[in-house]
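What follows is a set of notes on a single structure, which appears directly below.
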């Protein structure tokens, strides 16, 4: 209606001829489009046709009026002229009104019935619309899949570039001579390698630490039990070793300053072992405080040097954070030791609080701000434990050597020494070497969660302490049997049995840090669970048996006829029982490897079987999974830019620790299309599954 009113207003202001001329001068209209049986005209062509029709009707009416005027006289023609004008004025709005009705009827599809042809065309149009809608949806899904593929390719290219640069740095670091950069060269971060070698300097330091542990073993053997003071002194030695391991597994420790610090630390350890048999409320306790404070000050200077060297580098923010974090804690620790040395007296009743506070300040997590090299740390732990077992065996042989200088050993004595060697060898087999345990169906809880790292450090400290106590008990047992001077006191038997049980318990705890994944197949799952259930029951049973054999009630006269009392009365029988239990544990521990060899023929089969985390730490969820997986299902903020920002703490943890990155990658292989704790191979949400239905058949 607005168009018609505007047309009428235009006609009142302009003549029909002018309007027609203007419309005729317009460009020719486009080709008419037939859709649903109706004709849609452009506005220019519509106005052009309307005025042409109006002009033709006016010309016909004018011709008819002229013909009628010729048949009348001049007077009547003169009188009729106003009548013709009046008639023309009356017909003009009618003609316009009829044109309006014609146009409205032409543009209104409901005003005329639909023919079969129009209906068929309308059905075809609806079909084409549906096909177009489906094509748009398919194109959208393909676009989303290609965007994800492009993002993955960009991440892969960035990772390959980073790995290439890292490998070049590793090759240059391996081929670099030891004197490169000078003896007092600046500290650098440790280049991660697959199997970092253990230098001779590190091996010498490990030997000195082992000697300090053996000295603590001799102290426990003299007392026939483990005291609180001996545990405190043992913790001081362990924290000194932990300071060195924490630094050398993150930074290059081959320069002269690090070697000098290691040498001075060895002096402190040797001087401290001379006071290991003293009490904390004595002059020996004060000397142990001095030893701990001296080592703390040495590593404080090392970390200050690291912080100053990396202070001018923009891409070393995490290194500076880690260095200053250690500087602050070491300053507090040194102040605590100094407070205990110079302020409080040796006879203070609560002097143990000074030791506990300083030991708490010396705790370091493996993943604090800057990840350590997991392979290097595992190698240090393994070498330290093997050296400790070797020195314990040497102590047993030293007990027997003076006796055999004057008499020939009997067969039973040979069996006794062989049983001691076999017992320590079985303990070595039960010890888990973490540096060789990463494969597609094995993960380490310490690399998943920081809380697991704390538990791992506590478990390893308990393993070393219980092994040292067990070595002290074996030394007492060997001396009592070989000399045959008197019966072994029950406190020594209690030390042997309970320390053996605690050693097995700590090993089982450390082995539980390796997260396994149960198979998806029902039959394989039953075999898998049966093997691990038998292993867990055997370990817990032997631990309980060892603890019960060391109870005080086993030494009473009322229980002399008891089977457990019979096993603990004779030193030879007790050693054979302990050796048999250790050998049984070794055989049972091979069940899981036999099951894995039976189930997992290759790496692809093992990845297919990785379904649900199994073990004591199954509830721990990865902290940095989102950083590894990227932004799946989200729009990329910047295409062509990787999400793996190396400035983030989690990315730096994966950067420095090769095992950490591999472990998280293996976790994600097992979690493609499933949650961390799911048992079904379903998507994370239904929307992604619906969108990816067509992508599964797509080669992309």
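In the numbering used here, the protein residues as written are 17 to 716. By construction, the Cβ of each residue, glycine as well, lies at the ideal position given by its N, Cα and C atoms. Note that this is a predicted model, so its numbers are computed, not measured.
Checklist entry - Around the Cβ of residue 353, are there at least 16 other Cβ atoms within 10 angstroms (buried) or fewer (exposed)? => result Answer is buried; the Cβ neighbour count reaches 16.
Next on the checklist: Can you tell me where the alpha helix (DSSP H) holding residue 130 begins and where it ends?
Outcome noted: It is not in any alpha helix (DSSP H) - residue 130 carries neither H nor E in the DSSP assignment.
Checklist entry - What are the partner residues of residue 530, as DSSP defines its beta bridges? => result 460
Checklist entry - Apart from the five residues just before and just after residue 314, which ones in its own chain have a Cβ nearer than 7 Å to its Cβ? => result 277, 280, 281
Item to check | Nearest candidate by alpha-carbon position, reference residue 512, set 599, 530, 567 | outcome: 567
Next on the checklist: Rounding to the nearest angstrom, what Cα-Cα distance links residue 236 and residue 612 in this structure?
Outcome noted: 41 Å
Checklist entry - Between residue 441 and residue 498, is the Cβ-Cβ spacing less than 9 Å? => result no
Checklist entry - Should residue 475 go down as buried or exposed, given a rule of 16 or more other Cβ atoms within 10 Å for buried? => result buried
Checklist entry - Pick from 286, 240, 262: whose alpha carbon is nearest that of residue 378? => result Considering only alpha carbons, the answer is 262.
Next on the checklist: Could you check whether the stretch 543-558 touches the stretch 395-403, counting it as contact only if at least three pairs of C-beta atoms, one from each stretch, sit closer than 8 Å?
Outcome noted: Contact check between the stretch 543-558 and the stretch 395-403: fewer than three CB pairs, one atom from each, fall below 8 Å, which does not count as touching.
Checklist entry - Which of helix, strand or coil does DSSP assign to residue 477? => result helix
Checklist entry - Where are the alpha helix (DSSP H) runs, 4 residues long or more, that stay fully inside the stretch 326-365, in chain order? => result Fully contained in the stretch 326-365 are the following alpha helix (DSSP H) runs of length 4 or more, in chain order: 333-358.
Item to check | Proximal residues to residue 249 (C-beta, below 7 Å), its chain only, five neighbours per side dropped | outcome: 232, 292, 304
Checklist entry - Once you ignore the five residues that flank residue 348 on each side, which residues in its own chain have a CB closer than 7 Å to its CB? => result The answer, listed in chain order, is 377.
Item to check | Cβ neighbours of residue 594 in the same chain (closer than 7 Å, five flanking residues each side left out) | outcome: For residue 594, where only same-chain residues beyond five positions count, the Cβ hits under 7 Å are 439, 516.
Item to check | Length of the line joining the Cα atoms of residue 223 and residue 331 | outcome: Straight-line Cα distance between these residues: approximately 37 Å.
Checklist entry - Would DSSP call residue 117 helix, strand or coil? => result Bear in mind that the predicted position of residue 117 carries a pLDDT of just 48, short of 50, making it unreliable; the figure below should be weighed with that in mind. Of the three classes helix, strand and coil, the one that applies to residue 117 here is helix, per DSSP.
Item to check | Runs of alpha helix (DSSP H) lying entirely within the stretch 581-619, each at least 4 residues, in chain order | outcome: Taking only runs of at least 4 residues, the alpha helix (DSSP H) segments lying wholly in the stretch 581-619 are 587-615.
Checklist entry - In whole angstroms, what is the alpha-carbon distance linking residue 229 and residue 337? => result Using only the alpha carbons, I get a separation of about 33 Å.
Next on the checklist: With distance defined between alpha-carbon atoms, name the residue in 239, 241, 242, 256 nearest to residue 226.
Outcome noted: 256
Next on the checklist: Please identify the residue among 604, 561, 545, 461 whose C-alpha is closest to the C-alpha of residue 529.
Outcome noted: If we check each option's Cα against that of residue 529, 461 comes out closest.
Checklist entry - How many angstroms separate the CA atom of residue 583 from the CA atom of residue 601? => result 19 Å
Item to check | Beta-carbon separation (whole angstroms), residue 334 vs residue 264, contact threshold 8 Å | outcome: Taking C-beta atoms under 8 Å as the contact rule, residue 334 and residue 264 fail to qualify, at a distance of about 18 Å.
Checklist entry - Between residue 608 and residue 547, which are expected to be in contact by the criterion C-beta below 8 Å, what is the C-beta distance as a whole number of angstroms? => result Residue 608 to residue 547, Cβ: 6 Å. Contact.
Next on the checklist: Alpha carbons only, please: which of 179, 294, 267, 285 is nearest the one belonging to residue 238?
Outcome noted: 294
Item to check | Range of the contiguous alpha helix (DSSP H) that encloses residue 241 | outcome: First-last for residue 241: undefined, no H or E at that position.
Next on the checklist: Tell me the rounded alpha-carbon separation between residue 120 and residue 148.
Outcome noted: Per-residue confidence for residue 120 stands at a pLDDT of 48, beneath the threshold of 50, marking its modelled position as unreliable; the derived number appears in the next sentence. About 32 Å.
Next on the checklist: Is the beta carbon of residue 247 closer than 9 Å to that of residue 408?
Outcome noted: No, the Cβ-Cβ distance between residue 408 and residue 247 is not below 9 Å.
Item to check | residue 16, buried or exposed, once every other Cβ within 10 Å from all chains shown has been counted against 16 | outcome: This structure leaves residue 16 out entirely; the chain is present only between 17 and 716.
Next on the checklist: Please state whether the Cβ-Cβ distance between residue 273 and residue 446 is less than 9 Å.
Outcome noted: no
Checklist entry - Among the residues of its own chain, which have a CB less than 7 Å from the CB of residue 323, if the five just before and after it don't count? => result 336, 339, 340, 343
Item to check | From 234, 309, 560, residue whose alpha carbon lies closest to that of residue 252 | outcome: The shortest C-alpha separation from residue 252 is found at 309.
Checklist entry - Secondary structure at residue 720, three-state DSSP: helix, strand or coil? => result Residue 720 is absent from the structure shown; the chain starts at 17 and stops at 716.
Checklist entry - Around the Cβ of residue 66, are there at least 16 other Cβ atoms within 10 angstroms (buried) or fewer (exposed)? => result It counts as buried.
Checklist entry - Just curious, the alpha helix (DSSP H) that residue 540 is in, first and last residue? => result 538-565
Item to check | Alpha carbon of residue 133 to alpha carbon of residue 154, nearest angstrom | outcome: Pairing residue 133 with residue 154, the inter-Cα distance amounts to about 32 Å.
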